[in-house]
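Protein chains in written order, with UniProt numbering: chain A, 1 to 377; chain B, 1 to 260.
Structure below.
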């Protein structure tokens with residue numbers, strides 16, 4: 001902390017408080033899987049392109065993301081799997097804790113990215129800069145001069161192949177390649193082995209101490225995924241205070257490191273006041289909910305009801321280094337499987353109702369599919 | 001124009017006309033949907049402004065220094081500079097933890113350590129004569145303190161009382177952020193009711209009943225129990241208005257009177 005403060009102080013010594021700090025102006029080094037945003041933010045992808053867009057870039061490094069589970073359906077695992085798989089694809093270090101006896105077995109269920117060669121076109125809406133750059137280059141270089149640049153172009157193409165996309169689409173039906181799962185940088189622990197949470201806390205602090213954040217210079221980004229913290233089977237009864245103090249210290253550690261922590265939690269088992277404390281501690285707060293299969297009223301009300309597998313609600317978006325709250329156009333999104341394999345989020349569409357029933361026809365604000373939110377960039 | 005608009009909050013707090021509050025306790029209550037941090041930032045800027053000539057002691061439990069620094073910089077206030085000139089004392093308590101076994105003893109020790117830090121900072125400020133405009137202790141936020149203490153209410157209340165004695169001794173004022181919705185379910189001993197009792201001014205931030213809006217971020221309720229100086233009788237004042245938070249300031253306006 002003291003080092004951080006000293007860094008800030010030296011930065012102000014160089015420039016007055018109103019000028020843009022040089023660290024922001026200079027181009028940041030490219031790290032696979034990390035994207036920079038306003039207010040000194042750095043993002044890693046959530047593994048779901050639509051969720052990245054909704055949150056204004058992805059999960060912000062140095063924040064805690066909390067997913068409130070549906071007590072009856074495992075939808076939170078969809079988010080968790082994509083988050084972990086995206087990290088492994090980018091070869092980012094991963095710490096995974098789960099209440100099962102064999103947490104490593106969960107890695108076998110991670111989805112694999114949709115390969116671009118087979119797919120007609122990857123949904124690369126989040127990497128338009130890359131495409132645009134290439135396109136621009138092609139425009140600038142008239143075709144007859146192309147031969148002079150042949151070698152350079154080839155090497156660039158090669159580079160592009162190596163360079164990973166910020167966010168992949170994942171095929172939920174295909175498991176991730178084995179070689180990615182056997183990497184050294186994956187740490188799995190079972191919450192059952194940590195009755196006092198001390199073991200988990202030690203793992204987190206050793207994991208995060210390897211990913212320090214130094215001024216403006218971001219090295220590796222790490223991911224911490226904790227599944228069903230405070231699940232009843234772990235026997236963490238009467239330990240609510242230990243639980244919140246664990247999250248608080250995790251939050252403090254994550255703030256000073258290049259990592260994102262995603263915690264899913266069955267909030268329904270917590271007393272109300274502690275559930276609220278958890279929500280206050282989370283920087284980004286999401287909740288998932290299953291939808292009943294045979295709800296005729298809902299089916300009439302919403303278009304595409306049959307394709308939906310659940311709802312995702314965005315309660316809070318991280319606001320680090322800024323006091324302005326993020327106001328989204330919509331906060332509830334439907335979780336759908338596109339072509340039965342990749343996860344997409346769409347804004348809820350109200351089905352058109354005929355005038356005789358007196359119901360509104362296409363309420364403004366809900367028409368059209370997922371529009372870019374105002375914080376998109 | 002913006003200064004006029006900001007004055008709605010200052011007026012409700014009794015800060016209008018360049019006055020500072022001396023010896024007051026201000027409680028800011030927020031909820032998950034609407035963060036009250038911007039009220040703290042507004043007050044921070046106000047206390048550190050050249051006119052107020054005060055000293056600010058920030059007990060930061062929720063965010064690192066860089067977070068506050070970036071926000072206040074956008075509001076036109078250089079926290080690093082203020083810290084160098086000893087107008088701001090920043091206590092980084094983000095990682096505050098009581099090591100070892102949690103029992104009454106260690107927690108008490110932890111709190112007395114924190115309090116002695118606060119006391120030394122205040123004595124230093126009083127010595128250097130930087131306190132013409134008063135010293136303000138700001139705690140962001142006290143629920144973190146509660147978590148660190150594992151909910152030992154007695155220790156926190158003791159700590160608060162010590163802080164409040166400082167208000168009479170050195171003419172400090174106290175600004176505390178807490179989360180109101182944590183205590184909305186029935187809990188036998190709630191910190192919030194104690195705080196509300198101790199506070200002279202309660203500022204509540206709530207979301208609009210009609211839901212999220214891009215133009216209005218929420219509403220503020222300011223309850224000022226304070227007595228008006230000179231008149232001798234105490235009078236509670238209740239204000240309600242809406243706000244919009246921007247990067248460089250917050251706009252305050254009465255419902256329906258927002259100028260676009």
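Just so you know, even glycine gets a beta-carbon here, dropped at the ideal spot from N, CA and C.
Please check the pair residue i and residue j, which I expect to be a contact at CB under 8 Å, by giving their CB distance rounded to whole angstroms.
{"i": "residue 23(B)", "j": "residue 168(B)", "result": "6 Å"}
{"i": "residue 317(A)", "j": "residue 67(A)", "result": "The pair is not a contact, with the Cβ atoms about 14 Å apart (cut-off 8 Å)."}
{"i": "residue 93(B)", "j": "residue 59(B)", "result": "6 Å"}
{"i": "residue 228(A)", "j": "residue 264(A)", "result": "6 Å"}
{"i": "residue 44(B)", "j": "residue 61(B)", "result": "That belief does not hold up - the Cβ atoms of residue 44(B) and residue 61(B) are roughly 15 Å apart, past 8 Å."}
{"i": "residue 81(A)", "j": "residue 49(A)", "result": "Contact flag wrong, Cβ pair sits at about 15 Å."}
{"i": "residue 201(B)", "j": "residue 13(B)", "result": "6 Å"}
{"i": "residue 246(A)", "j": "residue 197(A)", "result": "5 Å"}
{"i": "residue 84(A)", "j": "residue 223(A)", "result": "7 Å"}
{"i": "residue 241(B)", "j": "residue 8(B)", "result": "6 Å"}
On the DSSP letters alone, give me the boundaries of the alpha helix (DSSP H) that residue i sits inside.
{"i": "residue 210(A)", "result": "No alpha helix (DSSP H) contains residue 210(A), which DSSP labels as neither H nor E."}
{"i": "residue 162(B)", "result": "153-170"}
{"i": "residue 242(A)", "result": "240-255"}
{"i": "residue 49(A)", "result": "49-54"}
{"i": "residue 148(B)", "result": "142-148"}
{"i": "residue 196(B)", "result": "191-198"}
{"i": "residue 273(A)", "result": "272-281"}
{"i": "residue 98(B)", "result": "Segment: none, residue 98(B) is in no alpha helix (DSSP H) and carries neither H nor E."}
{"i": "residue 83(A)", "result": "75-89"}
{"i": "residue 106(A)", "result": "104-107"}
{"i": "residue 227(A)", "result": "No alpha helix (DSSP H) holds residue 227(A); DSSP gives it neither H nor E."}
{"i": "residue 166(A)", "result": "Run containing residue 166(A): none; DSSP gives neither H nor E here."}
Helix, strand or coil: how does DSSP classify residue i here?
{"i": "residue 113(B)", "result": "helix"}
{"i": "residue 161(A)", "result": "Low local confidence applies: a pLDDT of 41 at residue 161(A) is under 50, so the model's placement there is unreliable, with the coordinate-based value given in what follows. Looking at residue 161(A) - three-state DSSP - the assignment turns out to be helix."}
{"i": "residue 220(A)", "result": "coil"}
{"i": "residue 41(A)", "result": "coil"}
{"i": "residue 352(A)", "result": "coil"}
{"i": "residue 289(A)", "result": "strand"}
{"i": "residue 68(A)", "result": "strand"}
{"i": "residue 338(A)", "result": "strand"}
{"i": "residue 86(B)", "result": "coil"}
{"i": "residue 118(A)", "result": "Its pLDDT being 45, under 50, residue 118(A) is placed unreliably in this model, and the value from its coordinates should be taken loosely. DSSP places residue 118(A) in coil when its eight states are reduced to three."}
{"i": "residue 218(B)", "result": "strand"}
{"i": "residue 92(B)", "result": "strand"}
{"i": "residue 310(A)", "result": "strand"}
{"i": "residue 319(A)", "result": "coil"}
{"i": "residue 65(B)", "result": "helix"}
{"i": "residue 361(A)", "result": "Confidence at residue 361(A) is low in this model, with a pLDDT of 43, below 50, so its placement is unreliable and the value that follows should be read with caution. Residue state, collapsed to three classes: coil."}
{"i": "residue 136(B)", "result": "strand"}
{"i": "residue 238(B)", "result": "strand"}
{"i": "residue 113(A)", "result": "strand"}
In chain B, what lies closer than 9 Å to residue i by C-beta?
{"i": "residue 276(A)", "result": "31, 32, 179, 181, 182, 183, 184, 185"}
Who are the neighbours of residue i on chain B, taking C-beta pairs under 7 Å?
{"i": "residue 323(A)", "result": "37, 38, 41, 71, 245"}
{"i": "residue 273(A)", "result": "182, 183, 185, 187"}
{"i": "residue 320(A)", "result": "67"}
{"i": "residue 279(A)", "result": "32"}
{"i": "residue 75(A)", "result": "Result: empty, since nearest Cβ-Cβ is about 21 Å, beyond 7 Å."}
{"i": "residue 316(A)", "result": "32"}
Please list, in chain order, the chain B residues whose beta carbon lies closer than 8 Å to that of residue i.
{"i": "residue 196(A)", "result": "Here the premise fails: no neighbours, minimum Cβ distance about 11 Å."}
{"i": "residue 327(A)", "result": "212, 213, 214, 217"}
{"i": "residue 331(A)", "result": "212"}
I'd like the span of the beta strand (DSSP E) that includes residue i, first residue to last.
{"i": "residue 280(B)", "result": "Residue numbering for chain B in the displayed model covers 1 to 260; residue 280(B) lies beyond these limits and cannot be assessed."}
{"i": "residue 189(A)", "result": "186-190"}
{"i": "residue 400(A)", "result": "Residue 400(A) falls outside the range modelled here, since chain A spans only 1 to 377, and no answer is possible."}
{"i": "residue 30(B)", "result": "25-30"}
{"i": "residue 196(A)", "result": "Per DSSP, residue 196(A) belongs to no beta strand (DSSP E) and is neither H nor E."}
So which residues on chain A does residue i lean against when the C-beta distance must stay under 8 Å?
{"i": "residue 148(B)", "result": "245, 248"}
{"i": "residue 88(B)", "result": "Simply none; closest approach about 11 Å."}
Chain A partners of residue i, CB-CB under 7 Å?
{"i": "residue 151(B)", "result": "241"}
{"i": "residue 97(B)", "result": "249"}
Determine the chain A residues that contact residue i at a beta-carbon separation under 9 Å, and present them in chain order.
{"i": "residue 220(B)", "result": "Neighbours of residue 220(B) on chain A: none; closest Cβ ~14 Å, over 9 Å."}
For this session: Please name the residues in the region 231-264 of chain A whose beta-carbon is closer than 9 Å to at least one beta-carbon of chain B, in chain order.
Result: 240, 241, 242, 244, 245, 247, 248, 249, 251, 252, 253, 255, 256
Exercise. Using a beta-carbon distance cut-off of less than 8 Å, what residues from the region 34-59 of chain A approach chain B?
Worked result: 39, 40
For this session: Residues of the region 115-144 of chain B with a CB closer than 8 Å to any CB of chain A: list them in chain order, please.
Result: 143, 144
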